[in-house]
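In this note's numbering, the protein residues as written are 121 to 347.
C-beta: ideal position from N, C-alpha, C; glycine also.
Notes follow once the structure below has been shown.
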Amino acid sequence: MLQRLLTPEGVPAQIELWQVAFDLGHGDDAKDALVLSPQEQAHARRYRRRDDARRFCCMRACLRRLLGERLDCAPQAVPLVRNAYGKPLLGGPGGLSFNVSHAGDIGLLAMAPGLALGIDVECGIAAGLQELNGMARQVLSPDEWAALPAPLDEVRFLRHWVAKEAVLKALGLGIGEHLQSIHLDLESHPRYQIFHQQSQWPAPARLHARALSTRPGHAAALAWVDA
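What follows is the structure in structure tokens.
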């Protein structure tokens, strides 16, 4: 089921937010597959778990239908391409940006004209404290790690994680290699202050990240770059 979400306070009005609730037991896989490209259908077949393939097909079909409405074309005719990091983009002119993410039983989609966007959602981590600490050391900057109270709080860690991934997706960068290059101040939750020292990136004042309300057990964030 596809549902339009209200634009949260402080988010530019031109940003549309959508939520997809996956119905893995009753979804219309064949109908979704019809609007996918041959490459996307092949990608779906490479998933080992059927539920993962269904999530991909449902999410990509919803994306194509929404973009098709705005571009006045059939969903299967939407010209989707990928950048060097695998981020899907619209090919050709148009000025419409979008980003998608899914985890657990929901997917999130953001789109807007003229703004670079990133969105991320994660569901709870089934990990012990030692494993969670190991993940956090890969995601958090040294200053962020030092500022976290002990023992590590999963909710706070997830907020860092989704916000950082959303920012990197908005920048069009790879996720794994830059997570520790961003420092977030979560004290202003749900709006986050962003700091970095990368001279080739937009200035921190042009970067924005905000937590999104979503289903229990999930954490989500939206990021955008001022034009």
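Taking residue i and residue j to be in contact with their CB atoms under 8 angstroms, please state how far apart those CB atoms are, rounded to whole angstroms.
i	j	result
Asp-240	Ala-341	6 angstroms
Leu-191	Val-198	6 angstroms
Ala-122	Cys-182	Before going further, note that residue 122 is Leu rather than Ala in the sequence given. Contact flag correct, Cβ pair sits at about 5 angstroms.
Val-345	Ala-236	4 angstroms
With DSSP collapsed to three states, give me the class of residue i.
i	result
Asn-253	helix
Pro-128	coil
Asp-273	coil
Ala-153	helix
Leu-288	helix
Glu-136	strand
Pro-324	helix
Gln-308	Checking the sequence, you will find Ser at residue 308 rather than Gln. Ser-308: helix per DSSP, three-state reduction.
His-298	coil
Val-198	coil
Leu-278	helix
Ala-266	helix
Ala-204	coil
Gln-161	helix
Gln-123	strand
Gln-313	strand
Within its chain, find whatever has a CB closer than 8 angstroms to the CB of residue i; leave out the 5 residues flanking it on each side and keep chain order.
i	result
Pro-233	Gln-134, Gly-215, Leu-216 and Ser-217
Leu-252	Ile-245, Leu-272, Glu-274 and Phe-277
Val-259	Phe-277, His-280, Trp-281, Lys-284, Leu-299 and Gln-300
Going along the chain, which residues of its own chain have a beta-carbon closer than 6 angstroms to the beta-carbon of residue i, five neighbours each way excluded?
i	result
Ala-164	Ala-173, Phe-176 and Cys-177
Gly-227	Val-140 and Met-179
Ala-283	Leu-304, Tyr-312, Ala-329 and Ala-341
Gly-294	Tyr-205
Taking the continuous alpha helix (DSSP H) assigned at residue i, which residues delimit it?
i	result
Arg-185	170 to 191
Arg-166	Segment: none, Arg-166 is in no alpha helix (DSSP H) and carries neither H nor E.
Counting only the same chain and skipping the five closest in sequence on each side, list residues whose C-beta sits under 7 angstroms from that of residue i.
i	result
Ala-153	Gln-161 and Cys-177
Asp-149	Arg-174 and Cys-177
I need the boundaries of the beta strand (DSSP E) containing residue i, first residue and last residue.
i	result
Trp-344	338 to 345
Asp-143	No beta strand (DSSP E) holds Asp-143; DSSP gives it neither H nor E.
Glu-242	236 to 243
Asn-117	This structure cannot speak to residue 117, because the chain is shown only from 121 to 347.
Gly-227	226 to 233
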